[in-house]
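Here's the structure we're looking at; comments come further down.
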Amino acid sequence: MTRRPPPRHEQGYAMLAVVAGIGVMAAVAAGAAAATSARLDTLEAETTSARLTAAADAGIQIALANLTRPGIGVRWAIDGRTYNESLGGVPIAIRIEDEAGKIMINRIDGENVGWLASALGLPQRQVDEMRDSWTVRKTLALGGLT
């Protein structure tokens, strides 16, 4: 049995089908690669975020441990100095400040102004004037409400 050659109008059809199939497969592969790349970027960002969160949590635990150590010489100071630590290659800078002694200037009242002026060593007459003028200014700023 001899094979007949394909009709003239069908010549090259197989080649066209193969090229089209390769093009479709390449498009599918490119889409899969792009989706995988986006997932890898998201995974890397989540991993970095988890490492930094763990380092921040560790910094708090390290600070608490060093603030509660027995003995004054080994306990960390609360004067704002920086203590440098590391967790898994992530540098952690820990700074502890005592906020209890600070005065919130926007919420200070006449009594605390007087106390502050006395602590600065002002004469009692100036302390009284400063306290009274602070109270009057605050009353005027609030529209006469105290």
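Per our numbering: the sequence shown = residues 638 to 783. Positions of the beta carbon are idealized from the N, C-alpha and C atoms, including for glycine.
Length of the line joining the Cα atoms of residue i and residue j
| i | j | result |
| --- | --- | --- |
| M741 | G668 | 58 Å |
| T772 | L704 | 39 Å |
| D694 | G738 | 26 Å |
| A730 | I715 | 14 Å |
| D746 | G708 | 38 Å |
| A654 | A670 | 24 Å |
| T639 | M652 | 23 Å |
| T684 | G758 | 56 Å |
| R744 | L753 | 14 Å |
| G660 | S674 | 21 Å |
Contact under 7 Å by Cβ, residue i with residue j
| i | j | result |
| --- | --- | --- |
| R768 | G751 | yes |
| A692 | V727 | yes |
| R706 | G717 | no |
| I699 | E722 | yes |
| V764 | S755 | yes |
Counterpart residues of residue i in DSSP-defined beta bridges
| i | result |
| --- | --- |
| R732 | T719 |
Residue closest to residue i, alpha-carbon to alpha-carbon, out of the options
| i | options | result |
| --- | --- | --- |
| L724 | A654, T690, A657 and M652 | T690 |
| E734 | M662, L701 and E748 | L701 |
Sequence ranges, beta strand (DSSP E) only - wholly within the stretch 690 to 726, length at least 3:
716 to 724
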